[in-house]
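Step one of this worksheet: look at the structure below.
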Amino acid sequence: MDTTFLEAMSNFTLIEFFRFLKGKRFEFEDFEESELDLFNELDLLDLLAVKAETSLKTIPLFKRLSLLVFSTLIRHPEVIILDNILDHLDDDACTEVKNVLTDTRNNTTLIISSRFVLRLLDISDLLIVLKNGKISYVGSPEIFVLNNR
Numbered sequence: 603m604d605t606t607f608l609e610a611m612s613n614f615t616l617i618e619f620f621r622f623l624k625g626k627r628f629e630f631e632d633f634e635e636s637e638l639d640l641f642n643e644l645d646l647l648d649l650l651a652v653k654a655e656t657s658l659k660t661i662p663l664f665k666r667l668s669l670l671v672f673s674t675l676i677r678h679p680e681v682i683i684l685d686n687i688l689d690h691l692d693d694d695a696c697t698e699v700k701n702v703l704t705d706t707r708n709n710t711t712l713i714i715s716s717r718f719v720l721r722l723l724d725i726s727d728l729l730i731v732l733k734n735g736k737i738s739y740v741g742s743p744e745i746f747v748l749n750n751r
């Protein structure tokens, strides 16, 4: 998932986004129960109350990001790669997105890149740090923090 799509998806209306995702004849009544459950987990149910023609430009960045997460998770991937997804968020939104990712990932492996290593330490099982294009650290986030005080 690339955050540059956040800008591109702003050109869609809500219904256009879901038709792009689920097919051109999609209507909101077509959501499956499991998809509505995920919608609820991602705190997106309020979007079902807005007009289908609502521009995604008017929807807050965090909600658009949650829509991207939804569009990824409904496919039940084994691996999700998130490229700098947290770098463009303020601290509150970053915390919300991390909570969503950890709450909904199930057996999915998340690979998250970021320019801000400290933002990922609390949700990382394995940390790989690059410096000048070369791996400078591989290991647990805890040991990284202890060794780099």
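Under our numbering, think of the first position of the sequence shown as 603, with each following residue one higher. The C-beta atom is built at its ideal place from N, Cα and C for all residues, glycine as well. Being a predicted model, the structure only gives us computed values, none of them experimental.
- [ ] Would you mind stating whether L688 and S715 have Cβ atoms separated by less than 7 Å?
- [x] No, the Cβ-Cβ distance between L688 and S715 is not below 7 Å.
Task: Rounded C-alpha distance that separates T656 from K700 - done: Going by the C-alpha atoms only, they are around 27 Å apart.
TODO: Just mark V731 as buried or exposed, buried being the case when its beta carbon has 16 or more other beta carbons within 10 Å.
DONE: Exposed: under 16 other Cβ atoms inside 10 Å.
Task: Span of the beta strand (DSSP E), counted from its first residue to its last, around S715 - done: Where S715 is concerned, the enclosing beta strand (DSSP E) stretches over T711 to S715.
- [ ] In angstroms with no decimal places, state the Cα-to-Cα distance between F628 and F641.
- [x] Answer to the nearest angstrom: the Cα atoms are 16 Å apart.
Task: Reference T697; option with closest CA among F664, T711 and I617 - done: T697 has its Cα closest to that of F664, out of F664, T711 and I617.
Open item on the list: I need the straight-line Cα distance from K733 to G741, nearest angstrom please.
Closed with: Each residue's Cα considered, the two are about 15 Å apart.
Open item on the list: Could you check if E643 belongs to the surroundings of the ligand ADP, using beta carbon to heavy atom distance under 6 Å?
Closed with: This structure lacks the ligand ADP; in fact it carries no ligand of any kind.
Open item on the list: My output table needs one value for V757: the three-state DSSP class, helix, strand or coil.
Closed with: Beyond the ends of the chain as shown, which are 603 and 751, falls residue 757; an answer cannot be given.
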